[in-house]
Every structure is written in structure tokens, then in C-alpha cells.
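Asks: Before we start, here is the structure in question, set down as C-alpha cells.
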Amino acid sequence: MSAMASPDKLSFVVFSGDYGRVHYALVMASAAAAIDKAVTLFFTMDGARTLLAKGAPGAPDWSGEEAANAAMGIATIEEMLAACLELGV
Numbered sequence: 036m037s038a039m040a041s042p043d044k045l046s047f048v049v050f051s052g053d054y055g056r057v058h059y060a061l062v063m064a065s066a067a068a069a070i071d072k073a074v075t076l077f078f079t080m081d082g083a084r085t086l087l088a089k090g091a092p093g094a095p096d097w098s099g100e101e102a103a104n105a106a107m108g109i110a111t112i113e114e115m116l117a118a119c120l121e122l123g124v
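All letters in the sequence shown, in the order written, are residues 36 to 124 by my numbering.
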């Protein structure tokens, strides 16, 4: 049985505005970028609304989920987006 080659680059499509799905996509993207994989994130439909500034019309209100994650030491969406940008995603 031969091992599969690891892809040189990854692309994620964020099409949902669901907190868990967006957070997981950012976790996967930043983890891949941290091991020097080229990563592209595509935000479409409801996923694109997640990039709106807090309080902007149409922006999701994830204050409860963010507070719960922060209390457990889990990075917030804002922190994950910053990490992705810093890593060149």
C-alpha cells in the first residue's frame, strides 16, 4: 500500500454562516498554513456575512459562542481571522 502525497495547497469554501463551521474552517486553514501549506479561503453566501464588522447590518451575533470559547481558552473567530492573515492565508 503506497502513501498518498500531501497536497501542496488547500482551498476551503466557507458557505455557511454557522459559527461552528466558520470557526472550524479557520482552524483548519491556520493549521495548514502553520505547516507551510498554501491555503485559500473562499467566502460565499452566508459565509461572506461573517466577515462583516461586528454590529454591521447582516453581521452575525456570535457574542455567546465567542464568550464561551474565550472562557475555555479557545481562540475566537476574530483571533482566528487574524492568525490566518498573519500566516498568509
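Where is the CB? At the ideal position from N, CA and C, for every residue including glycine.
Just to confirm my understanding: we take Glu101, look at its own chain, exclude 5 residues before and 5 after, and list those with CB closer than 6 angstroms. What are they?
Replies: Thr111
Asks: I'd like the span of the beta strand (DSSP E) that includes Ser46, first residue to last.
Replies: 44-49
Asks: CB-CB under 7 angstroms to His58, same chain, minus the five flanking residues each way: which ones, in chain order?
Replies: Ile112, Met115
Asks: Under 9 angstroms between the Cβ atoms of Ser155 and Val124?
Replies: Here the chain comprises residues numbered 36 to 124, so residue 155 is not present and cannot be evaluated.
Asks: Below 8 angstroms on the Cβ atoms is my contact criterion, and I expect Gly90 with Arg84 to pass it. Report the Cβ-Cβ distance as a whole number of Å.
Replies: Gly90 to Arg84, Cβ: 13 angstroms. No contact.
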